[in-house]
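Sequential numbering from 1 applies to the sequence shown in our numbering. Note that beta-carbon positions come from the ideal geometry of N, C-alpha and C, so glycine has one too. These numbers were taken from a predicted model, which means no experiment stands behind them. Here is the structure we will look at.
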Amino acid sequence: MFYQQLLILLMCSLWTTTVFAKFACTNQQVLIKESTSPLYPVNACFVQNHPFTLKPGERLVVQRADGKTLPVNGYFSVKELLNKGLANIIEQFVKTISPRAPSPDTELWAIDASAADDAFCVKSNQELFLQRAEAQSTETVIFTPTDNLDQPFKYHWQVKQTRLPWPKELPLTDKVAYFVEMEGQTPRELTFYQVPEKLTGNDLVAWLTTQECLRQAVKFSEMWDQQILRRPTTPPKPD
């Protein structure tokens, strides 16, 4: 009898340990069971109404306190992203731009070779340019693929030249990265992201921000606001 009672106690203990091992969060939280997003590591706990933000193709599986698992798939939600402080992120970035002179990358798809940006977003078949602020002398910028340091590509500006087309020798596939080195400056790593098709308006601004293409997000937001403000009103047709 003693051994039977001991066995029952051991089984109950194992069952309790297993249950709590499966769900280590509070009743007001969800547990990350599966994740392909670096923002949400497996076994992490989040409040039940947490505004999960996913990039295209990323996937989450969360578990509630009652044991039920729920998949979270697909694109981010612009509304959720705004709730997380998108406006504040852009506002803080705008404050870092000098009001005395426009940034050299005044166009949405122009890359500022001397900026400290570490990300740039591109669209398929979109013509890109490389820009510099000063044009009083010749200058060289070196692009080196991060996965092939033996193949640097040198880009030359002539005097009075401020903008050059992006070299066809450098592919811009999604998440491709290059070390960018301007004369006299420390090399920086620049990663390119392909913009999903059919994104526009606030959706595009939100997506650019999630990829940390903040300079482009600010510029597009300004362009979008101007288009809305300048949109002509159509008078109603007479009956």
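DSSP three-state label for residue i, please.
i, result
"Ala115", "coil"
"Met223", "helix"
"Ser103", "Since pLDDT at Ser103 reaches only 40, below the 50 mark, its modelled position is unreliable, and the value read off the structure follows with that caveat. DSSP places Ser103 in coil when its eight states are reduced to three."
"Val122", "strand"
"Ala217", "helix"
"Trp157", "strand"
"Glu58", "coil"
"Pro165", "strand"
"Phe76", "With a pLDDT of only 41 at Phe76, under the threshold of 50, the placement of this residue in the model should not be trusted; the figure read from the coordinates follows. In the structure shown, Phe76 sits in coil (DSSP, three-state: anything other than H, G, I, E or B)."
"Thr69", "strand"
"Arg64", "coil"
"Ala24", "coil"
"Ala110", "strand"
"Thr96", "Any reading at Thr96 must be qualified, since the residue scores a pLDDT of 44, below 50, and its modelled position is unreliable; no value is offered."
Can you tell me where the alpha helix (DSSP H) with residue i in it begins and where it stops?
i, result
"Val205", "201-210"
Compare the C-alpha of residue i against each of the options and name the closest.
i, options, result
"Leu31", "Asn125, Cys121, Asn148, Ala65", "Ala65"
"Phe129", "Gln161, Pro165, Val122", "Pro165"
"Gln161", "Val180, Ala133, Ser35", "Ala133"
"Pro152", "Phe179, Thr186, Leu214, Pro41", "Phe179"
"Ser114", "Leu60, Gln126, Thr186", "Thr186"
"Thr200", "Ser221, Glu127, Gln28", "Ser221"
"Thr146", "Leu190, Trp109, Lys33, Glu197", "Leu190"
"Asp174", "Val205, Pro196, Gln48", "Pro196"
"Arg188", "Ala206, Ala24, Ala119, Gln48", "Ala119"
"Glu58", "Asn27, Lys219, Pro38", "Pro38"
"Leu204", "Ala24, Leu108, Asn148", "Leu108"
"Pro167", "Val218, Asp117, Ala110", "Ala110"
"Trp213", "Asp117, Gln28, Cys45, Asn27", "It is Cys, not Trp, that sits at residue 213 in the sequence shown. That would be Asp117, whose Cα lies nearest to the Cα of Cys213."
If I'm right that residue i touches residue j with Cβ under 8 Å, what's the distance once you round it to whole angstroms?
i, j, result
"Gln216", "Ser124", "With 8 Å as the limit, Gln216 and Ser124 do not qualify as a contact, their Cβ atoms being about 16 Å apart."
"Cys121", "Gln211", "5 Å"
"Phe192", "Leu172", "5 Å"
"Ser35", "Leu60", "5 Å"
"Asp112", "Gln131", "6 Å"
"Val42", "Lys33", "7 Å"
Starting from residue i, follow the beta strand (DSSP E) in both directions and report where the run begins and ends.
i, result
"Ser35", "29-35"
"Glu323", "Here the chain has residues from 1 to 239 only, and residue 323 is not among them."
"Leu130", "129-131"
"Pro38", "Where Pro38 is concerned, there is no enclosing beta strand (DSSP E), given that its DSSP letter is neither H nor E."
"Gln194", "188-194"
"Val141", "139-145"
"Val42", "No beta strand (DSSP E) contains Val42, which DSSP labels as neither H nor E."
Please confirm if residue i has its CB atom under 8 Å from at least one CB of chain D.
i, result
"Leu164", "The structure shown has no chain D; it contains just one protein chain."
Does the structure place the segment 153-160 close enough to the segment 120-140 that three or more beta carbon pairs sit under 8 Å? yes
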